[in-house]
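Heads up: the structure comes next, in structure tokens.
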Amino acid sequence: MSSAFRYPGEFEPQTDVFVEWLPYAEPIKGYDALEPAVEVVRNLLDEVKIHINCCPYVEGLKESCVKALETAGIDVDRIDFTAFNEDPNSFYFRDNGPNVMVNDEGETLAVNPSWSFYGRYEKNEGLRDCSRKIGVQAAIELGCYDIVSSDLVSEGGDREFNGAGVLIAIEDTEVRKRNPEYSKEQIEEAYKKLWNVGKIIWLPQPMVDDDDFRIAPLDYKADGTPVVGSSFAAHSDEMCRFIGRNKILLAEVTEEEAASSPVSKENKRRLDACYEILRNETDLEGNPFEIIRIPTSAHIEYIQSPGDDLYDYYHELVGDAFMDGTPWPEGRDLHLFAATSYCNFLVCNGVVLGQRYWREGMDRAVKEKDEQAEAVLNRCFPDRKVVMINSLALNMAGGGVHCWTKNVFVPANAQ
Numbered sequence: 001m002s003s004a005f006r007y008p009g010e011f012e013p014q015t016d017v018f019v020e021w022l023p024y025a026e027p028i029k030g031y032d033a034l035e036p037a038v039e040v041v042r043n044l045l046d047e048v049k050i051h052i053n054c055c056p057y058v059e060g061l062k063e064s065c066v067k068a069l070e071t072a073g074i075d076v077d078r079i080d081f082t083a084f085n086e087d088p089n090s091f092y093f094r095d096n097g098p099n100v101m102v103n104d105e106g107e108t109l110a111v112n113p114s115w116s117f118y119g120r121y122e123k124n125e126g127l128r129d130c131s132r133k134i135g136v137q138a139a140i141e142l143g144c145y146d147i148v149s150s151d152l153v154s155e156g157g158d159r160e161f162n163g164a165g166v167l168i169a170i171e172d173t174e175v176r177k178r179n180p181e182y183s184k185e186q187i188e189e190a191y192k193k194l195w196n197v198g199k200i201i202w203l204p205q206p207m208v209d210d211d212d213f214r215i216a217p218l219d220y221k222a223d224g225t226p227v228v229g230s231s232f233a234a235h236s237d238e239m240c241r242f243i244g245r246n247k248i249l250l251a252e253v254t255e256e257e258a259a260s261s262p263v264s265k266e267n268k269r270r271l272d273a274c275y276e277i278l279r280n281e282t283d284l285e286g287n288p289f290e291i292i293r294i295p296t297s298a299h300i301e302y303i304q305s306p307g308d309d310l311y312d313y314y315h316e317l318v319g320d321a322f323m324d325g326t327p328w329p330e331g332r333d334l335h336l337f338a339a340t341s342y343c344n345f346l347v348c349n350g351v352v353l354g355q356r357y358w359r360e361g362m363d364r365a366v367k368e369k370d371e372q373a374e375a376v377l378n379r380c381f382p383d384r385k386v387v388m389i390n391s392l393a394l395n396m397a398g399g400g401v402h403c404w405t406k407n408v409f410v411p412a413n414a415q
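Reminder that position 240 of the sequence shown reads as 240 in the numbering used here, one-by-one numbering, no gaps.
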């Protein structure tokens, strides 16, 4: 077998997309997470073969999935349903799904990193082992039988490939949060071999509202009520994406926005640091990258109340107090910012599935940001159809359109 494998850029042709059906139909009362999930499937159906995994540990999940799709008029006979054993809380397939590399001969190689549920548990422990196996099982489902495994923990949402030997990842996530027993130099050496890349561009930190929400509140309301994040992924796909071999899309916070809130101020600091790194970087041929900016999304506050599907789950993750000592609001509402982002889009052949957020009753500024982001995506992808999906309910569960999908190119499956 040839050794010249590469991980294709997402902007290249795809043959398959995997998704994990959400165990929470309504993560927060009044917000339907199945509606955006159905729209993702609808818009991908003519682009690729869709595989939907329905966790067998969640009773009746496949039946409810099929019902939701059929009610929406989707032909479920065109979909491959799987039932891989899975941690029911690991429902963002981007991160532990199949990582398939290809070579010029049409051969494939699947990479299988370790898994620790975003650093929450010991690697490959209990249900985490099931989650790690899914990547292998899904690859085999596609006919990819050659597998290489790694002891390093890494999630798909924090790996951006340009398809030509360059990988973007977040240093704080890959080193300190996921693999603290290894040095950055050790991880870089291992990643270059594992992913067959010649360069890794390390971005220092993630967006602060995509960072580990268990650390500390992001902000406080006028009455002192803490507002926390809803993610602990800390991934690059929330802020920085390859949209071509030499083209990068990077989120941007304006000076006015930075002055409006501590979250925006910190995000501007982090994104400005990323920009300085990227503008001084090149591809493997020495060509500088074209950097395009896209707005950051509005900070949308929501409330988890006792009795909501996610309230007890978040309590389990946090314990009695956040890492900074802020107590869990036992028996009271938890105020959060949704994990919103215009960078968490999926590119799949002829379509780009973006995220939007405005709905009746929201500030007009949210709608204006949606429109600005859509315009940027249309400029970036003039030959593809951009579809903006209201993903707020997905984001309330900690991820979005890109997190929920895993695109794969298998040459043997190409038509």
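All residues carry an ideal CB built from backbone N, CA and C; glycine is no exception.
- Alanine 234 places its beta carbon 8 Å or farther from that of methionine 323.
- Counting only runs of at least 3 residues, the segment 205 to 256 fully encloses the following beta strand (DSSP E) elements, listed from N- to C-terminal order: 226 to 228, 240 to 244 and 247 to 252.
- At the C-beta level, valine 40 and isoleucine 389 come within 8 Å of one another.
- Taking the CA atoms as reference points, glutamate 125 sits about 7 Å from serine 116.
- Rounded to whole angstroms, the separation of the alpha carbons of tyrosine 7 and leucine 392 is 30 Å.
- Under the DSSP definition of a beta bridge, isoleucine 140 lacks any partner.
- Residue state for glutamine 14 is assigned as coil, using DSSP reduced to three classes.
- Taking a cut-off of 8 Å on C-beta distances, the segment 134 to 148 touches the segment 89 to 98, as three or more cross pairs fall below it.
- In the displayed model, asparagine 85 falls within coil according to three-state DSSP, outside both helix and strand.
- For proline 180, the secondary structure class from DSSP, reduced to helix, strand or coil, is coil.
- Serine 230 and threonine 326 have their C-alpha atoms spaced approximately 16 Å apart.
- A distance below 6 Å between beta-carbons, with the five flanking residues on each side excluded, links lysine 123 to the following residues of its chain, in chain order: Ser114, Ser116 and Val153.
- The three-state reading of DSSP puts glutamate 301 in strand, counting E and B together.
- Excluding its 5 nearest sequence neighbours in each direction, lysine 49 has C-beta neighbours in its own chain below 6 Å: Asp16, listed in chain order.
- Taken through DSSP and simplified to helix, strand or coil, asparagine 96 comes out as helix.
- Alanine 110: member of the beta strand (DSSP E) spanning 108 to 114, first to last residue.
- Taking 8 Å as the cut-off, the Cβ atoms of valine 352 and leucine 377 count as close.
- Alanine 169: member of the beta strand (DSSP E) spanning 166 to 170, first to last residue.
- DSSP, read as helix, strand or coil, puts tryptophan 358 in coil.
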